[in-house]
Structures are given as C-alpha cells and as structure tokens.
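In this note's numbering, the protein residues as written are 32 to 234. Down below is the structure, laid out as structure tokens.
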C-alpha cells in the first residue's frame, strides 16, 4: 500500500520519548533494516544490519499487518528537526531508556510528567504508553545493574500499559518488542481503544 493510499484512520502516530543517546535511533533503524522473525526465533548475528535513519526523514513509516488488520505506524523521535514532539498528537507513546545507564531510567519520571502536561490535559489516562528498555546486550553484572524486575516495577509506577526490552544490535527480543508495539497500536484503531484493562504487561 503506497503512502498516498493510506486513509487517516489507518495511520497510528507514535512518539518515542527518552534521553539523547539511549538508543532510540538505533532501535527504530533496526526495525526498518532487519528481517522479521517469529517470536522466540533466535536471531542470526550474520543477519543483523543497521542502517541508521536520518532525523530529517521523520516521520518514519512502517507498514503493519497484525491480527488480520493492516495499518501504518507513523513514528517520531524526539530528535525530529521538523516538528517538536510536544506539538504532535500521538496515539501511542514509547518511553525509552538505556538498560546500561541508570540516569536514562531515572529521567523517565520527567518524561512521564511531560506526557501528562502536553497530551492528557487533566482528562485522565487516555494515551497508551509502553516502556522500552534498549541496549539489552549491554546489561552486565555489577553495581547499579538494572534488572528486568526493577524496570517492570517502574513501568507500573509510571502507569505504563506494557514493558519490553530488547537489543537492536544483537536482535534479541526485537521481534517480540515490535509485535507488542504493533499490538498496542492496533488496539487504538478499535472502538475499545489502546489501553489495557489491567496492569502493565511484561514480555
């Protein structure tokens, strides 16, 4: 389906928020560059290729077919030179952090407050939010390590609908994370909306 053939209600706008350097651009580039694998299928390191997207090309477009429904993801990173993220009207928000850098995790509380400030207007939780831990391959044992259990707890504290983590470099859990993003985005195209009825779901 060509870009000019998409209907407005077939496009889901996603804004990716997170500190500079946390891996957002590499993550989005890997989703564009690498072949899709079935959930649970181990990546072949020889297949991993990352061709970094240019900020000037935003929004990044991904054609999706999920659960017998076709739609497009229109994704903006905070580095977009053409439009400040706070002026967008997202259907889904991704909160991203670097698993190897605790400061980027701590910053998510500020980003979460910005979501309320710019997008929710005091009318309650209306925008589905997914927290994504990036650079999973850099998690090493030692002082300050961020375990999945801690990230999951913080995702709950920040009232996120889902939590997932992956590595764009090795491809670990990349397909599962993208599937969960597609599922959350696809739900926004239904009458029920995109927010989960219960608590945060972890992959």
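Where a beta carbon is used, it is the ideal one built from N, C-alpha and C, also for glycine. Bear in mind the structure is a predicted one, so any value in this text is a computation, not a measurement.
Is there contact between the stretch 186-206 and the stretch 82-92, where contact requires at least three CB pairs shorter than 8 Å?
no
Starting from residue 134, follow the alpha helix (DSSP H) in both directions and report where the run begins and ends.
133-137
Would you check if there are 3 or more beta carbon pairs closer than 8 Å linking the stretch 210-224 to the stretch 88-98?
yes
For residue 137, is the classification buried or exposed, using 16 other Cβ atoms within 10 angstroms of its Cβ as the cut-off for buried?
exposed
Starting from residue 101, trace the alpha helix (DSSP H) both ways and give me its first and last residue.
Careful: residue 101 lies outside any alpha helix (DSSP H), inside the beta strand (DSSP E) at 100-108.
Comparing C-alpha positions only, which one of 140, 219, 201 sits nearest to residue 235?
With the chain represented from 32 up to 234, any question about residue 235 goes unanswered, as that position is not in the structure.
Only counting the same chain, and skipping five residues up and downstream in sequence, which positions put a Cβ closer than 6 Å to that of residue 162?
126, 186, 191, 194
Looking at the unbroken beta strand (DSSP E) that takes in residue 49, where does it start and where does it end?
Careful: residue 49 lies outside any beta strand (DSSP E) and carries neither H nor E.
Whose C-beta lies closer than 6 Å to the C-beta of residue 58 among residues of the same chain, with five residues either side of it excluded?
165, 199
With residue 196 as the anchor, note down where its beta strand (DSSP E) starts and where it stops.
193-196
Please classify residue 184 as buried or exposed, where buried requires at least 16 neighbouring CB atoms within 10 angstroms.
exposed
Around the Cβ of residue 33, are there at least 16 other Cβ atoms within 10 angstroms (buried) or fewer (exposed)?
The predicted position of residue 33 is uncertain, since its pLDDT is 42 and thus under 50; a value taken from the coordinates is nonetheless stated next. Counting Cβ neighbours within 10 Å, residue 33 comes out exposed, since fewer than 16 surround it.
Would you kindly work out how many angstroms separate the C-alpha atoms of residue 52 and residue 131, rounded to a whole number?
11 Å
When the distance is taken between beta carbons, is residue 102 closer than 8 Å to residue 220?
yes
Give every residue of the same chain whose Cβ lies closer than 7 Å to the Cβ of residue 157, excluding the five residues on either side of it in the sequence, and list them in chain order.
151
Which of helix, strand or coil DSSP assigns to residue 178:
coil
Decide if residue 117 is buried, meaning its Cβ has at least 16 other Cβ atoms within 10 Å, or exposed.
exposed
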